[in-house]
Amino acid sequence: MPEPVGDRHSRILGGDREEGARNVAIALASTVVFIALIVVLVVTSKGWDEVRRAFFDRDVFDASFPDIAHAFLLNVRIFLIAEVVIVVAALAIAALRSLPGPVFFPIRTLAIIYTDLFRGVPTVLVIYILGFGAPALDIPGVPRSPLFWGIVALVLVYSAYVSEVYRAGIESVHPSQDAAARSLGLTAGQSLQSVILPQAVRRVIPPLLNDFIGLQKDTALVALIGPVEAFRQSQIEVAGSFNYTPYLATAFLFLVLTIPMARLTDWLIARDRRRLLAGGGAR
Numbered sequence: 025m026p027e028p029v030g031d032r033h034s035r036i037l038g039g040d041r042e043e044g045a046r047n048v049a050i051a052l053a054s055t056v057v058f059i060a061l062i063v064v065l066v067v068t069s070k071g072w073d074e075v076r077r078a079f080f081d082r083d084v085f086d087a088s089f090p091d092i093a094h095a096f097l098l099n100v101r102i103f104l105i106a107e108v109v110i111v112v113a114a115l116a117i118a119a120l121r122s123l124p125g126p127v128f129f130p131i132r133t134l135a136i137i138y139t140d141l142f143r144g145v146p147t148v149l150v151i152y153i154l155g156f157g158a159p160a161l162d163i164p165g166v167p168r169s170p171l172f173w174g175i176v177a178l179v180l181v182y183s184a185y186v187s188e189v190y191r192a193g194i195e196s197v198h199p200s201q202d203a204a205a206r207s208l209g210l211t212a213g214q215s216l217q218s219v220i221l222p223q224a225v226r227r228v229i230p231p232l233l234n235d236f237i238g239l240q241k242d243t244a245l246v247a248l249i250g251p252v253e254a255f256r257q258s259q260i261e262v263a264g265s266f267n268y269t270p271y272l273a274t275a276f277l278f279l280v281l282t283i284p285m286a287r288l289t290d291w292l293i294a295r296d297r298r299r300l301l302a303g304g305g306a307r
């Protein structure tokens with residue numbers, strides 16, 4: 025007598041689930057064993073006591089953390105200001121680079137030069153050049169604040185990176201979308217603004233969040249030209265206590281901010297993947 029299809033299907037799926045659970049358990053166990061071996065190797069090393077006193081002093085952590093946390097607010101402020109400007113500026117650069125036709129060739133060329141220049145120069149050099157060079161020009165009406173020029177440097181560098189993310193999103197939209205919009209009487213600019221860009225922006229949100237995680241970490245580079253943010257404050261604390269624990273306090277604050285952003289990025293990527301799979305199944 026033939027075996028019912030439903031029973032065979034249930035047994036296959038059940039076997040897959042059992043095998044998946046067994047693989048997860050093995051992976052977890054091997055990870056725990058590996059981490060335990062690393063911990064044992066570190067704490068039994070000859071220099072562990074000295075490292076523990078230099079980097080893991082609870083009293084120094086408690087004493088330095090309030091000042092570092094207060095200085096970290098400047099990092100958050102730099103991040104928020106730069107992020108808003110970057111989102112708008114990078115989208116404008118990507119749109120200019122995507123303009124079709126020979127008449128826009130000079131504009132596309134300028135956009136390419138901009139992205140190549142600021143993606144090719146290290147961020148720290150841009151911060152140094154603007155932070156020390158721009159105020160030295162002593163031009164009337166031009167701000168002399170190192171904080172201002174540090175934010176400008178981050179905006180210039182990250183706008184180049186983010187514009188490429190936007191451009192990838194624009195190019196991922198099928199040409200038929202633009203053709204359909206043009207057939208309805210929309211101009212090239214109207215099609216880009218009303219049809220292409222909305223779809224492109226939705227598609228690039230996860231990689232944009234990855235870039236903004238990097239931006240949050242790079243706010244510490246602004247300390248190189250003077251502003252006292254979390255990293256600079258930790259340097260001050262280290263110089264006063266001759267102990268490196270304040271660096272761990274600063275690292276902890278950055279982790280508190282960046283890990284939720286990383287998990288949000290993973291969730292958005294997984295959601296988009298599920299939506300694409302559902303759409304493919306429906307077709």
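For the sequence shown, counting from 1, position 283 maps to 307 in the numbering used here; every step adds exactly one. All residues carry an ideal CB built from backbone N, CA and C; glycine is no exception.
| Item | Value |
| --- | --- |
| Jot down the residue ranges of each uninterrupted alpha helix (DSSP H) in the region 242-287, minimum 4 residues, whole runs only, in chain order. | 254-265 |
| Output the distance between the C-alpha atoms of residue 36 and residue 55, rounded to the nearest integer angstrom. | Any reading at residue 36 is ruled out, since the residue's pLDDT is 47, under 50, leaving its predicted position unreliable. |
| Compare the C-alpha of residue 225 against each of 115, 247, 145 and 211 and name the closest. | 115 |
| Under DSSP, the alpha helix (DSSP H) around residue 94 begins and ends at which residues? | 82-121 |
| To the nearest angstrom, how far is the alpha carbon of residue 100 from that of residue 240? | 8 Å |
| Starting from residue 156, follow the alpha helix (DSSP H) in both directions and report where the run begins and ends. | Here residue 156 belongs to no alpha helix (DSSP H), and DSSP marks it neither H nor E. |
| Between 291, 141, 221 and 111, which has its C-alpha nearest residue 179's C-alpha? | 111 |
| Checking 9 Å against the spacing of the C-beta atoms, do residue 289 and residue 234 come in under that value? | yes |
| Would you check if the region 212-225 and the region 117-125 touch, i.e. whether three or more CB-CB distances between them fall below 8 Å? | yes |
| In chain order, what residues of the same chain have a beta carbon less than 6 Å from the beta carbon of residue 157, not counting five sequence neighbours either side? | none |
| Given residue 261, which residues of its chain have a CB within under 6 Å of its CB, disregarding the five upstream and five downstream residues? | 88 and 270 |
| Taking the C-alpha atoms as reference points, what is the distance between residue 91 and residue 45? | 46 Å |
| Helix, strand or coil for residue 44, going by three-state DSSP, please let me know. | helix |
| What does a CB cutoff of less than 8 Å around residue 248 pick up in its chain, not counting 5 residues either side in sequence? | 148, 151, 152 and 155 |
| So, at 6 Å on beta carbons, what are the nonlocal neighbours of residue 257 in its own chain, with the 5 sequence-adjacent residues on each side left out? | 91, 92 and 95 |
| Residue 144 by DSSP, collapsed to three states: which one? | helix |
| Expressed to the nearest angstrom, what Euclidean distance is found between the alpha-carbon atoms of residue 202 and residue 171? | 42 Å |
| Please classify residue 68: does DSSP put it in a helix, a strand, or coil? | coil |
| Would residue 83 be called buried (16 or more neighbouring beta carbons within 10 Å of its own) or exposed? | exposed |
| Using beta-carbon positions only, say whether residue 103 and residue 243 come within less than 9 Å of one another. | yes |
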